[in-house]
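**Student:**
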Amino acid sequence: AAATLHEAEAATISQGVVDSDHAGFTGSGFVNYDNLVGSYVDFTLTPAQSGQVRLVLRYANGTTADRPMRITVNGAQLAPGLSFPGTGSWTTWRTVTVQATLHTGANTVRATATTAGGGPNLDSLTVDDGAQGGTDWS
Ligand code: GCU
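In mature numbering (1 follows the signal peptide of the UniProt record, and there is no 0), the protein residues as written are 3 to 140.
1. Touching or not, the stretch 29 to 39 and the stretch 124 to 133, by the rule of three or more beta carbon pairs under 8 Å?
2. Pull up the distance between the alpha-carbon of Tyr42 and that of Ala13, whole angstroms please.
3. With Leu59 as the anchor, note down where its beta strand (DSSP E) starts and where it stops.
4. Is any heavy atom of ligand 1 found at a distance shorter than 7 Å from the C-beta of Trp95?
5. In this structure, how does DSSP classify Ala25 when only helix, strand and coil are distinguished?
6. In whole angstroms, give me the CA-to-CA distance for Val100 and Thr6.
7. Starting from Phe32, trace the beta strand (DSSP E) in both directions and tell me its first and last residue.
8. Does any heavy atom of ligand 1 sit closer than 7 Å to the C-beta of Thr117?
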């Protein structure tokens, strides 16, 4: 498939909890980051092929303050403070996209809160390889 969705609630969470009290999420819930610098979620991606992909992060931020996050892939920084601006309410979900290069085997994508507010509520990470058909990702 060209795109595979990874639920945040199934990822590895450091300093956050899985909640389901704001509608509109996919799967069984979303990650509510603790409101502090350094809380993070790790996704493990194992593509069949190496190459460039789009990482699409789905989130909600019911505040009016940005909830920026540092995005790393296998420890290398893609974005120092990717913006996750307010979405208007905790039940309004939007996406933010970054490009990344993945290798075969396991890759770790980490999204770490960089301000005292913590991260936004994070629903999922979709990996889009741009291909029609092809092999499923996991
Ligand atoms: C509220 C909201 C949570 C959110 C939190 C925050 O408590 O219900 O879902 O995570 O604000 O500010 O991070």
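For every residue, glycine included, the Cβ atom is placed at its ideal position computed from N, Cα and C.
**Tutor:** From the atom records:
1. Between the stretch 29 to 39 and the stretch 124 to 133, the count of C-beta pairs closer than 8 Å reaches three or more; the two stretches touch.
2. Cα-Cα distance, rounded: 10 Å.
3. Here the beta strand (DSSP E) through Leu59 covers Gly53 to Ala62.
4. In terms of side-chain proximity, the C-beta atom of Trp95 is found no nearer than 7 Å to any non-hydrogen atom of ligand 1.
5. Ala25: coil per DSSP, three-state reduction.
6. Rounded to whole angstroms, Val100 to Thr6 spans 15 Å at the Cα level.
7. First-last of the beta strand (DSSP E) with Phe32: Phe32 to Tyr35.
8. Thr117 has its CB no nearer than 7 Å to any heavy atom of ligand 1.
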